[in-house]
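Data first, discussion second: the structure below is written as structure tokens.
Protein chains: 2
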Amino acid sequence: MATPDTGAGTQTPGKPRLTREAVLAKALEIVDADGADSLTMRRLGQELGRDPMGLYRYAENRAALLDGVAELVLDDLSLTPSDPDWKGQLRTLAHDLRLLALRHPNVVPLLVTRPLSTPLGLRPLGTLRPLEQILSLLVKAGFRAPDALHVYRAYYGFLYGHILNELQEYIVDPDENEALLRLGLHRLPPKEFPRLRSLAPALVEYDGAEELDQGISILLAGLESQLKRQQDSASM
Amino acid sequence: MATPDTGAGTQTPGKPRLTREAVLAKALEIVDADGADSLTMRRLGQELGRDPMGLYRYAENRAALLDGVAELVLDDLSLTPSDPDWKGQLRTLAHDLRLLALRHPNVVPLLVTRPLSTPLGLRPLGTLRPLEQILSLLVKAGFRAPDALHVYRAYYGFLYGHILNELQEYIVDPDENEALLRLGLHRLPPKEFPRLRSLAPALVEYDGAEELDQGISILLAGLESQLKRQQDSASM
DNA sequence: ACCTGAACACCGTTCAAGT
DNA sequence: ACCTGAACACCGTTCAAGT
Chain A
1 MATPDTGAGT
11 QTPGKPRLTR
21 EAVLAKALEI
31 VDADGADSLT
41 MRRLGQELGR
51 DPMGLYRYAE
61 NRAALLDGVA
71 ELVLDDLSLT
81 PSDPDWKGQL
91 RTLAHDLRLL
101 ALRHPNVVPL
111 LVTRPLSTPL
121 GLRPLGTLRP
131 LEQILSLLVK
141 AGFRAPDALH
151 VYRAYYGFLY
161 GHILNELQEY
171 IVDPDENEAL
181 LRLGLHRLPP
191 KEFPRLRSLA
201 PALVEYDGAE
211 ELDQGISILL
221 AGLESQLKRQ
231 QDSASM
Chain B
1 MATPDTGAGT
11 QTPGKPRLTR
21 EAVLAKALEI
31 VDADGADSLT
41 MRRLGQELGR
51 DPMGLYRYAE
61 NRAALLDGVA
71 ELVLDDLSLT
81 PSDPDWKGQL
91 RTLAHDLRLL
101 ALRHPNVVPL
111 LVTRPLSTPL
121 GLRPLGTLRP
131 LEQILSLLVK
141 AGFRAPDALH
151 VYRAYYGFLY
161 GHILNELQEY
171 IVDPDENEAL
181 LRLGLHRLPP
191 KEFPRLRSLA
201 PALVEYDGAE
211 ELDQGISILL
221 AGLESQLKRQ
231 QDSASM
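Here the protein sequences come in this chain order: A and B.
Residue numbers 1 to 236, in the UniProt record's numbering, belong to the letters of the first sequence in order.
Residue numbers 1 to 236, in the UniProt record's numbering, belong to the letters of the second sequence in order.
As structure tokens, this is what we get:
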């Protein structure tokens, strides 16, 4: 026949065919362990027990691999756009994303940086899904579509800003945290940095979840009053 | 004598001694032109007409060079902590930082990412100066020091979030913008991305300055009511 | 003491050579 | 048609050799 053996039997034992999922999962493992810079084609190939060149079957290049890792992590996020309690949804989504960032701190730079080099329309679908869902949630809550976009921007901007802030103050070992911080702040010239130096205790007691929650509250209050104004003016 | 010629005459013509400032200025030039990945020791050395190894006199390593570039850009920022109109100061600082980001889009990933790998106390002084000044501004405005820290976080988080948002939607060539956007959005599966697809026109009309200003207004309103509550409860 | 550049241990990616 | 790996054109950084 014209169709030859499809090759099911030609695989070397111990080398089941790779999948894109398996490749990305291992890539995420490397990023989590050693940071995005450590994710090289050669190392990924080695940890998968394959020729590094074979990876080009699963990602066009290294940049696409990094995008894939970001997408994989965002897949853990979910919200229910049909929930009428839109503020509650936004609040829990914020906390979900925060926890995800704390679980994968080395991925955050990818989340924040990769989209800067890809026009919105060309991003991986996985990274656009939260945007679509939030828009859907807001439209169902009564926002007109263009306003939903503004709200999304304010919300997501605030959320990512908070996460970056928190990770910047976060130090891996909590025991070392206080000592290291004092040490570092002590280095600052007292005349030039009086406030910052005196805030060492407050910096140590940082509670990210609480801080995020308060910020979200401020934002939601502002947004709700905006929604009310909009509905009032529409019903006149 | 024991002190020999200090070497002022030994320089090859056309090779005046480099300064850290000159090195960083050229580094910024490269980042602005081609992105942070293109800033290599070898290329920087070549564009300065020097042996790349000589650069290690001005920066400990490549990472320190990137920190230096971030610091250099932030030096353009200034605010007057003594101004009693703290809300006005925060608002103009926000716009200043936004314009700076639009002028140096390739530096933004550095601004956002580099601090993640350095504990707060160990950052370059230049990147801590805005923090100190904002704290000073807020304390003079009546916030207690620990609250000033919370306000700073909310403010700076929101600001950076906005800038990241705006740059993600920003496309270099405005003429190409609309076409490219439509093209990109058209690629999305209609059933899965109905809202996003329908928002193409709104996405094209994005006005970053206006969006930032509204966000700041929401935030400042929330913050001022917080300040009021605090002062009321203190005077009881 | 300072400067220079060879050398080392890596990179991503292309592409010719095998099967 | 697929897979493999040699080869190319780069990296950052160390350190020995020069002055």
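Note that the Cβ used here is the ideal one computed from N, Cα and C, for glycine as well.
Can residue i and residue j be called in contact, C-beta distance under 8 Å?
i              : j              : result
H104 (chain A) : V73 (chain A)  : yes
G161 (chain A) : G142 (chain B) : no
R197 (chain B) : L188 (chain B) : yes
V107 (chain A) : V69 (chain A)  : yes
L164 (chain B) : V204 (chain B) : no
L79 (chain A)  : L137 (chain A) : yes
E71 (chain B)  : P119 (chain B) : no
L199 (chain B) : L159 (chain B) : no
D76 (chain B)  : L100 (chain B) : yes
L55 (chain A)  : M41 (chain A)  : yes
T127 (chain A) : P146 (chain A) : no
L149 (chain B) : A202 (chain A) : yes
A154 (chain A) : L219 (chain A) : yes
Can you give me the start and stop residues for the alpha helix (DSSP H) that residue i sits inside?
i                     : result
R42 (chain B)         : M41 to L48
residue 240 (chain B) : Only positions 1 to 236 of chain B appear in the structure, and residue 240 (chain B) is not among them; the question remains open.
A200 (chain A)        : A200 to V204
H104 (chain B)        : Segment: none, H104 (chain B) is in no alpha helix (DSSP H) and carries neither H nor E.
K228 (chain A)        : G208 to A234
D147 (chain A)        : A145 to E169
G126 (chain A)        : L125 to K140
If you draw a straight line from the alpha carbon of residue i to that of residue j, how long is it in whole angstroms?
i                     : j              : result
A25 (chain A)         : E132 (chain A) : 25 Å
D85 (chain A)         : I30 (chain A)  : 38 Å
G222 (chain B)        : D67 (chain B)  : 34 Å
I216 (chain A)        : A234 (chain B) : 25 Å
A170 (chain B)        : P109 (chain B) : Here residue 170 (chain B) turns out to be Tyr, not Ala, going by the sequence shown. Between Y170 (chain B) and P109 (chain B), the C-alpha separation is close to 14 Å.
residue 246 (chain B) : R17 (chain B)  : Here chain B has residues from 1 to 236 only, and residue 246 (chain B) is not among them.
R91 (chain B)         : E192 (chain B) : 38 Å
D51 (chain A)         : L185 (chain A) : 48 Å
V151 (chain A)        : N61 (chain B)  : 42 Å
E47 (chain B)         : A59 (chain B)  : 16 Å
R57 (chain B)         : Y156 (chain B) : 34 Å
L65 (chain B)         : S82 (chain A)  : 49 Å
G89 (chain A)         : A36 (chain B)  : It is Gln, not Gly, that sits at residue 89 (chain A) in the sequence shown. The alpha-carbon atoms of Q89 (chain A) and A36 (chain B) are separated by roughly 37 Å.
P190 (chain B)        : M53 (chain B)  : 55 Å
Q230 (chain A)        : Q214 (chain B) : 15 Å
A2 (chain B)          : A63 (chain B)  : Residue confidence is low: A2 (chain B) scores 36 on pLDDT, short of 50, so the model does not pin down where it sits. Its coordinate-derived value is still stated next. Computed Cα separation, rounded: 39 Å.
R20 (chain B)         : S117 (chain A) : 30 Å
R129 (chain A)        : Y206 (chain A) : 31 Å
R43 (chain A)         : V23 (chain A)  : 12 Å
Q168 (chain B)        : E224 (chain A) : 26 Å
L227 (chain B)        : G49 (chain A)  : 60 Å
S38 (chain A)         : L93 (chain A)  : 30 Å
K87 (chain A)         : E210 (chain A) : 17 Å
G45 (chain B)         : R144 (chain A) : 54 Å
D32 (chain A)         : G208 (chain B) : 34 Å
| message | For the stretch 79-90 of chain B, list every residue whose C-beta sits within 8 Å of some C-beta in chain A, in sequence order. | response | Against chain A - using a Cβ distance shorter than 8 Å - the stretch 79-90 of chain B contributes no residues.
| Inside the stretch 58-98 of chain A only - alpha helix (DSSP H) runs reaching at least 4 residues | Segments of the alpha helix (DSSP H) lying fully in the stretch 58-98 of chain A: 62-74.
| field | Residues, ordered as in the chain, of the stretch 109-132 of chain B that lie near chain A by beta-carbon distance below 9 Å | value | So the close ones are P109, V112, T113, P115, L116, S117, T118, P119, L120, G121, L122, R123, L125, L128, R129, L131 and E132.
| Looking at chain A, which residues of the UniProt domain "HTH tetR-type" (17-77) of chain B have a Cβ within less than 7 Å of any of its Cβ atoms? | For the UniProt domain "HTH tetR-type" (17-77) of chain B, the set of positions with a beta-carbon nearer than 7 Å to some beta-carbon of chain A is empty.
| field | Interface residues of the stretch 147-159 of chain B facing chain A [CB-CB below 8 Å] | value | For the stretch 147-159 of chain B, the set of residues with a beta-carbon nearer than 8 Å to any beta-carbon of chain A comprises A148, L149, H150, R153, A154, Y156, G157, F158 and L159, in chain order.
| query | Listed from N- to C-terminal order along the chain, which residues in the stretch 213-225 of chain B have their beta-carbon within a distance smaller than 7 Å of any beta-carbon of chain A? | reply | Result list: G215, I218, L219, A221 and G222.
| request: Pull out every residue of the stretch 184-195 of chain B whose Cβ sits closer than 9 Å to any Cβ of chain A, in chain order. | output: Within the stretch 184-195 of chain B, the residues whose Cβ lies closer than 9 Å to some Cβ of chain A are G184, L185, H186, R187, L188, P189, E192, F193, P194 and R195, listed in chain order.
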